[in-house]
Structures are given as structure tokens and as C-alpha cells.
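Structure, as C-alpha cells:
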Amino acid sequence: MESPPHATASADEMPSIWKEQHAQDAPPGFVPPMGPGEVAAVESLLGYEFRDKALVEEALTHGSFYYPYRPGVTYERLEYLGDAVLTCVVSREVFLTYGQLQPGPLTRLRAANVDKEKLARVAVVHGLHHFLRHKAPNLDGQITDFIEELSMYPIHSNGLLDPPKVLCDVVESLIGAIYCDSNFNQEIVWQVFQKFADPLISLETLGKHPVSELFEFCQKTRRGVKIMKDEWDKNLTVEVLIDGEMVGRATYAQKKEIAQNRAAKAALDKLKETLGQSQTEPMSAEVSEQFNKIDLTGS
Numbered sequence: 011m012e013s014p015p016h017a018t019a020s021a022d023e024m025p026s027i028w029k030e031q032h033a034q035d036a037p038p039g040f041v042p043p044m045g046p047g048e049v050a051a052v053e054s055l056l057g058y059e060f061r062d063k064a065l066v067e068e069a070l071t072h073g074s075f076y077y078p079y080r081p082g083v084t085y086e087r088l089e090y091l092g093d094a095v096l097t098c099v100v101s102r103e104v105f106l107t108y109g110q111l112q113p114g115p116l117t118r119l120r121a122a123n124v125d126k127e128k129l130a131r132v133a134v135v136h137g138l139h140h141f142l143r144h145k146a147p148n149l150d151g152q153i154t155d156f157i158e159e160l161s162m163y164p165i166h167s168n169g170l171l172d173p174p175k176v177l178c179d180v181v182e183s184l185i186g187a188i189y190c191d192s193n194f195n196q197e198i199v200w201q202v203f204q205k206f207a208d209p210l211i212s213l214e215t216l217g218k219h220p221v222s223e224l225f226e227f228c229q230k231t232r233r234g235v236k237i238m239k240d241e242w243d244k245n246l247t248v249e250v251l252i253d254g255e256m257v258g259r260a261t262y263a264q265k266k267e268i269a270q271n272r273a274a275k276a277a278l279d280k281l282k283e284t285l286g287q288s289q290t291e292p293m294s295a296e297v298s299e300q301f302n303k304i305d306l307t308g309s
């Protein structure tokens with residue numbers, strides 16, 4: 011098995027010069043390239059030395075970086091490739107690791123290790139956001155907010171956090187870049203990702219989605235569940251009714267799904283507190299089907 015090449019630059023050396031460069035507007039028609047020091051620092055974080063250094067710059071360039079000039083090459087093509095190869099190598103890993111596990115749990119394990127939140131965690135833990143080339147006005151603040159919220163969920167929030175998609179994108183684009191640079195070697199991709207994403211989510215640390223857990227809990231306790239959203243509420247407030255009584259409520263203006271998940275978690279916590287329970291059994295096939303068909307009902 012071929013091992014990935016390793017860079018020698020220190021992972022703790024963040025590019026202050028690049029930050030100054032990033033803060034300046036490029037002259038008309040000119041977009042500053044990444045310097046050799048920045049490329050070496052990224053290689054050190056990844057534990058992989060690129061043959062084609064231009065792939066590093068491409069993998070870290072957001073479309074907004076070219077504003078107000080004509081758009082150039084961005085990470086989108088590499089992101090597409092990285093997304094596909096990550097799905098493949100992680101599918102293979104969970105399939106081989108859990109020889110008796112059925113497709114449903116295998117799918118949830120794979121998804122938990124390549125979803126937006128997991129990959130965004132990988133990006134900020136290793137400081138990749140410091141190298142992101144962009145001019146999106148609110149992105150830095152969104153990344154800061156996400157980093158602050160991570161401390162509440164050491165492994166995964168299971169749908170309660172809303173990470174900036176760009177963080178996931180750059181991990182996928184860098185994986186795509188490694189795949190290209192290694193002559194499409196999946197073994198090298200897996201070796202890099204396995205170390206970079208450590209610890210991977212296992213069957214023992216795989217959490218439950220709050221909505222599915224709520225439905226399972228209410229099925230066991232013979233309670234009716236209804237999730238409602240006021241279509242006229244611009245703040246996206248979602249309420250959870252149990253047997254017609256409101257027991258959970260959450261507001262999240264950016265995304266309906268996050269508000270729904272947080273409302274379900276609030277309701278679940280209240281129900282467990284009331285009944286003195288802390289755990290439920292794995293989700294049944296019937297409840298899984300109900301969860302997959304769930305829709306928010308306007309009040």
C-alpha cells in the first residue's frame with residue numbers, strides 16, 4: 011500500500027503575510043496567487059505534498075475572491091470530485107469495518123462522516139479557514155459563530171448546528187485535489203482523510219437525529235406528535251405539539267430545518283425530564299418511514 015507523501019512545514023505556522031495580502035484589493039485584472047509558504051503550510055496540515063502546487067490554490071479559491079473582476083478558476087470542480095471520492099472511500103471503510111451491519115445503519119454511519127457538519131469541523135479544527143481565499147462579506151463572522159458553538163457538541167450536533175457550507179466545500183475540494191494529484195489513487199485519499207478527520211464517527215459514537223428520536227420516544231409512550239411552523243413568521247419559529255400541547259419551540263431565521271431540529275430536541279428533553287428517562291431504543295422501521303416523510307405543517 012502506497013503511503014501519502016508528507017510535507018515538512020509546521021502546522022502551527024499560519025500565514026500572516028497572506029492575511030495582509032487577502033485584506034487588500036487586487037489591482038484591476040490581477041488576482042494574487044498563493045505564495046510557496048502558504049502552500050507548504052496547507053500541505054503540512056494535510057500531511058500530503060502536492061506535485062502540482064496549483065491544485066492547492068484552486069482548492070481554496072471561492073468565487074467571491076475575484077470580485078469585482080471577471081470570475082476565474084474556483085474550487086467547485088475539485089469539490090465535485092472530492093465529494094464523490096469521499097463517499098466512495100468512506101462507504102468502503104464502514105462496509106469492511108462492520109461486516110454484519112445492515113444497509114440502513116451503514117448509510118447513517120457513512121453520512122455522519124462526510125456530512126456538512128463533520129467536514130466543517132475538520133476544516134476549523136485544522137485551521138483551513140485561515141487559508142480560504144474569498145471576499146464574501148459575512149463569511150468570517152459565520153465561521154466564528156460556528157467555532158464558538160462547536161464546544162457544546164464535542165462529536166456531532168445531529169442537525170442542531172448550521173455550519174457555513176464553504177467549510178465543507180474546501181475539505182471536499184482539497185480531497186479532490188489530492189485525488190487528482192495522486193493519479194486518482196483512492197488509497198492515498200483514504201490515508202489522508204482518515205488522519206485528517208480523526209476521530210471518525212463510529213457505531214458507538216453515532217448519535218440520533220432529534221426528530222427521529224422524538225418520533226420513536228412518542229411511539230413508545232403512545233403520544234401524538236405534530237410539528238408546526240407559522241408561515242407568516244419571518245423568523246422561522248417551529249413548535250412541537252405533543253397530544254395537542256406545545257412542549258418544544260425554537261426559532262432560527264436562516265433555515266427551517268435547523269429550527270425544526272432544535273424544537274424537536276427541546277421537546278424531547280422536556281419529555282424525558284418529565285418521565286425521568288434518558289435513552290430510547292433504536293428507531294424502528296415504522297418510525298423511520300414516518301421520519302423520512304415528515305413535513306412542517308403551517309398553523
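For the sequence shown, my numbering begins at 11 and goes up steadily by one.
All residues carry an ideal CB built from backbone N, CA and C; glycine is no exception.
Compute the Euclidean distance between the alpha carbons of residue i and residue j, then round it to the nearest angstrom.
i      : j      : result
Asn195 : Val99  : 11 Å
Asn271 : Glu223 : 11 Å
Lys218 : Ala51  : 36 Å
Val83  : Cys228 : 51 Å
Leu278 : Pro81  : 47 Å
Gly73  : Ala207 : 26 Å
Gly169 : Thr247 : 16 Å
Asp151 : Gln110 : What sits at residue 151 in the sequence shown is Gly, not Asp. If I take the Cα positions, the gap works out to 44 Å.
Glu214 : Pro115 : 12 Å
His166 : Asp125 : 10 Å
Ile237 : Ile157 : 29 Å
Val235 : Glu255 : 9 Å
Ile252 : Thr261 : 18 Å
Arg259 : Val250 : 6 Å
Leu106 : Tyr79  : 48 Å
Asn193 : Tyr163 : 37 Å
Pro42  : Ser54  : 22 Å
Gly45  : Gln112 : 48 Å
Val104 : Glu267 : 27 Å
Asp155 : Val49  : 27 Å
Gln201 : Ala269 : 37 Å
Hey, residue i and residue j: beta-carbon distance below 7 Å or not?
i      : j      : result
Arg118 : Phe75  : no
Lys145 : Tyr90  : no
Asp191 : Leu65  : yes
Val199 : Tyr189 : yes
Asp129 : Val95  : Checking the sequence shown, residue 129 turns out to be Leu, not Asp. Not a contact, by the Cβ cut-off of 7 Å.
Tyr85  : Ser183 : yes
Pro5   : Lys275 : With the chain covering 11 to 309 only, the question about residue 5 has no answer from this structure.
Phe141 : Leu70  : yes
His136 : Ile153 : no
Among the options, which has the Cα closest to the Cα of residue i?
i      : options                        : result
Glu68  : Glu158, Gln112, Ile185, Pro173 : Ile185
Phe203 : Ala133, Tyr108, Glu283, Ile153 : Ala133
Gly92  : Ala187, Ala269, Ala273         : Ala187
Thr231 : Pro42, Thr284, Tyr108, Leu106  : Thr284
Phe225 : Asn193, Lys205, Ile268, Ala273 : Ala273
Arg120 : Glu127, Lys280, Thr97          : Thr97
Lys205 : Leu56, Gly47, Glu48            : Leu56
For residue i and residue j, which I take to be in contact (beta-carbon distance under 8 Å), what is that distance rounded to the nearest angstrom?
i      : j      : result
Ile211 : Asn123 : 5 Å
Leu160 : Arg131 : 7 Å
Lys265 : Asp172 : 6 Å
Lys280 : Val257 : 5 Å
Taking only runs that begin and end inside the segment 188-253, name each unbroken beta strand (DSSP E) of 3 or more residues, in chain order. Counting whole runs of 3 or more residues, the segment 188-253 contains the beta strand (DSSP E) stretches 235-239, 247-252.
Restricting to runs no shorter than 4 residues, where is the alpha helix (DSSP H) found entirely within the segment 53-79? 64-69
May I have a chain-ordered list of the alpha helix (DSSP H) segments no shorter than 4 residues that lie completely inside the segment 84-170? 86-107, 113-124, 126-135, 149-160
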